[in-house]
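**Q** Counting in my numbering, the sequence shown runs from 1 upward without gaps.
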Amino acid sequence: MSKLSHAREYPIADVRRCLRAHPDEITDKECRNIFKHTLLRGLAKNPLQTLRGYKDEMKFCLKYGNREAHYIEGIKHFFALHDRPKGMRHLKISATKHYKKGFFRKETL
1 MSKLSHAREY PIADVRRCLR AHPDEITDKE CRNIFKHTLL RGLAKNPLQT LRGYKDEMKF
61 CLKYGNREAH YIEGIKHFFA LHDRPKGMRH LKISATKHYK KGFFRKETL
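1. I need the straight-line Cα distance from Pro47 to His82, nearest angstrom please.
2. Going by other Cβ atoms of all chains shown within 10 Å of its Cβ, with 16 needed for buried, is His98 buried or exposed?
3. Compare the C-alpha of Asp14 against each of Leu51, Gly74 and Cys61 and name the closest.
4. By DSSP's criteria, Thr38 is part of a beta bridge. Which residues make up the other side?
5. Does the beta-carbon distance from Thr34 to Tyr10 come in below 8 Å?
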């Protein structure tokens, strides 16, 4: 996993690997970096997939400030769970982290 520490963006498979890794295989710092910079484009196209799956992955990506994870969570809460204040809070976080879709959604709602 040492090559991961130098990458700028990670696939969601690396998040799963981090969640299941033995503490000797990967450091906490590397995991935090992976959670923060994971690409969630597939989930951002269909955020409602996270209602039933990807719960652990989303939890850790949100915890470490992944901007796409905040966008997905915002869409999910605003439209599917009808919790508009929580949805707007997540969309605002994604917009302040310069996620274009989050900024556009926040401004149109």
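Beta carbons: idealized from backbone N, C-alpha and C, even for Gly.
**A** Quick look at the numbers:
1. Cα to Cα, the separation comes out at about 14 Å.
2. Taking every protein chain shown into account, the CB of His98 has fewer than 16 other CB atoms within 10 angstroms, so this residue is exposed.
3. If you compare the alpha carbons of Leu51, Gly74 and Cys61 with that of Asp14, the shortest gap goes to Cys61.
4. Answer by DSSP bridge pairing, in chain order: Tyr10.
5. The residue you asked about is not Thr; residue 34 is Ile in the sequence shown. Against a cut-off of 8 Å, the Cβ pair of Tyr10 and Ile34 comes out as a contact.
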